[in-house]
Amino acid sequence: MSQSGETKIECLKCGTCCIAFDIKEIGKKAGERCRYLSDDKTCAIYEKRPWGCRGYRPDELCVLVSTLTDEQKVQVFRNIYEV
Ligand code: SF4
Ligand code: SF4
Numbered sequence: 047m048s049q050s051g052e053t054k055i056e057c058l059k060c061g062t063c064c065i066a067f068d069i070k071e072i073g074k075k076a077g078e079r080c081r082y083l084s085d086d087k088t089c090a091i092y093e094k095r096p097w098g099c100r101g102y103r104p105d106e107l108c109v110l111v112s113t114l115t116d117e118q119k120v121q122v123f124r125n126i127y128e129v
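So this is what it looks like as structure tokens:
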């Protein structure tokens, strides 16, 4: 547990958030795999990633969808975040 009392959820490197959301700064549409998402599901431009990406942090949803297929994860994210 962190000092703030909140449990920190680690990124599971599933890549779902880099597919599900739209990132206007790089012209990425919702549901489209980001061209900067590497095969190992890490961001190829992490240090220079757009502000639109920086606001997103791993949370309980990442864990909840972890047993689903990649396509199902993206669909759940899009349904919940309405993107
Ligand atoms: S959806 Fe969550 S676990 Fe998956 S890459 Fe994004 S932050 Fe990490
Ligand atoms: S720029 Fe990086 S963090 Fe942002 S959606 Fe693409 S791969 Fe993900």
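Every position in the sequence shown, counted from 1, becomes a number in this note's numbering once 46 is added. Idealized CB from N, CA, C, for every residue including glycine. Model, not experiment: these values are computed from the prediction.
Task: 8 Å Cβ shell around L83 - same chain, five flanking residues per side excluded - done: Here residue 83 refers to the residue found at position 37 when the sequence shown is read from its first residue. G61, C64, I65, C89, A90.
TODO: With DSSP collapsed to three states, give me the class of L110.
DONE: For this step, residue 110 is matched to residue 64 along the sequence shown. Here L110 sits in helix by DSSP.
Task: Nearest-angstrom Cα separation, counted from G73 out to P104 - done: Taking the first residue of the sequence shown as position 1, residue 104 is located at position 58. Taking the first residue of the sequence shown as position 1, residue 73 is located at position 27. Near 23 Å, if we compare the C-alpha coordinates of G73 and P104.
Task: Among K59, F67, G77, L107, nearest to D85 - alpha-carbon criterion - done: Here residue 85 refers to the residue found at position 39 of the sequence shown. Residue K59 is the option with its Cα nearest to D85.
Task: Close beta carbons around V122, own chain, < 6 Å, minus the five adjacent residues each side - done: Position 76 of the sequence shown, counted from the start, is the residue given in the question as residue 122. Correct list, in chain order: V111.
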